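K.L.:
The sequence shown maps to residues -6 to 279 in this note's numbering.
All C-beta atoms in this analysis are idealised placements derived from N, C-alpha and C, irrespective of residue type, glycine included.
Given the structure is predicted, the values throughout are model-derived calculations rather than measurements.
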Amino acid sequence: MSTSDPAGKRAPVPAWARFAELLPDWDAPPRVKAFVTGRRGGVSRGPWGLADGSAGGLNLGMHCGDDPADVACNRARLEALLPSPPRWLRQVHGTAVHVASPARVDAASRSEAAREDDPREPEADAAVTDAAGVVLAVLTADCLPVLLADSRARAVAVAHAGWRGLAAGVVERSVDALRAQAGRDAEVIAWLGPAIGPRTFEVGDDVVHAFCDQDPAAAAAFVPGPREGKWLADLYRLARIRLARVGVSRVSGGEHCTVHERERFYSHRRDRVSGRMASLIWLDSR
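1) Can you tell me which of the three DSSP states Ile234 falls into?
2) How many Å lie between Arg243 and Ala62 at the Cα?
3) Can you check which of these residues, Glu195, Phe194 and Ala211, is closest to His202 by C-alpha distance?
4) With 16 other CB atoms within 10 Å as the buried threshold, where does Asp135 fall?
5) With a floor of 4 residues, list each alpha helix (DSSP H) that falls wholly inside the stretch 180 to 253, ordered by position along the chain.
6) Taking the straight line between their C-alpha atoms, what separation do you get for Gly54 and Ala271?
7) Measure the C-alpha to C-alpha separation of Asp110 and Thr251 and round it to an integer number of angstroms.
8) Taking buried to mean at least 16 other C-beta atoms within 10 Å of its own C-beta, is Pro79 buried or exposed?
9) How many whole angstroms separate the CB atoms of Val323 and Pro138, which I take to be in contact at a CB cut-off of 8 Å?
10) Does the distance from the C-beta atom of Val25 to that of Ala146 stay below 7 Å?
11) Quick one: is Val6 buried, meaning 16 or more other Cβ sit within 10 Å of its Cβ, or exposed?
12) Going along the chain, which residues of its own chain have a beta-carbon closer than 7 Å to the beta-carbon of Cys205, five neighbours each way excluded?
Here you go:
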């Protein structure tokens, strides 16, 4: 397996690609690197393992009941192939955006950074950087990961957009933070990673009102569900609506459903107890 560069030459596949369940199908500059992990490639077992419960799961979440030693091993495997350890966040379904800058990372910090309450993990649901080699990451298992890049590769960002964060404005705040780093003239490109799909995400009236009371156009993202008083929500469409409001029209992705694709993805809605995937993005030094 190899990739083509702009000159038409075949480039070697990077080492981190072994953990890439998905590569964004977007037209970001070559210097922007990004991928999404799946549930394969690690040591976790049971609900955090492979689809049949056997060992081999790449759960990267410390807060979902898995053996901390297994998660630490999974994270170490991933981190060893990246330009720097991912900047893990303490996600709270909010709108805070962490501005990540280069920092010295030694072997001890690599091995110890797997504790859920690690003070080095800022409380935020999005991150942005303009520094090469700084790897941003969010963890999901049905919520929507949104990757953002400046078309001139001056900055990148990532957001964890569950319905609460999406309704509260985490996508808009992430775009604003990206433009603050890249320049207000930045053309922003977005990719929507794997999330619970529109045929599966059943919600109540509270979710409908959370969006439609702010923007009547959001009604297009909801259809009556099979159960009385319930709706099926399209997270991908809601994200596109929010991105359009802040001038982002180059949006790709949004074709997957974490609930239905059991072999590839973890899903909290499907399994209740499950692992977490990571969506990662960074600027290459070249």
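P.N.:
Reading off the structure:
1) helix
2) 40 Å
3) Ala211
4) buried
5) 198 to 205 and 228 to 238
6) 9 Å
7) A caution first: Asp110 carries a pLDDT of 48, below 50, which makes its placement in the model too unreliable to give a value.
8) With 16 or more other Cβ atoms within 10 Å, it is buried.
9) In the structure displayed, the chain extends from -6 to 279; residue 323 sits before or after that span and is not available.
10) yes
11) Per the 10 Å Cβ criterion, exposed.
12) Here the set comprises Ala211 and Ala212.
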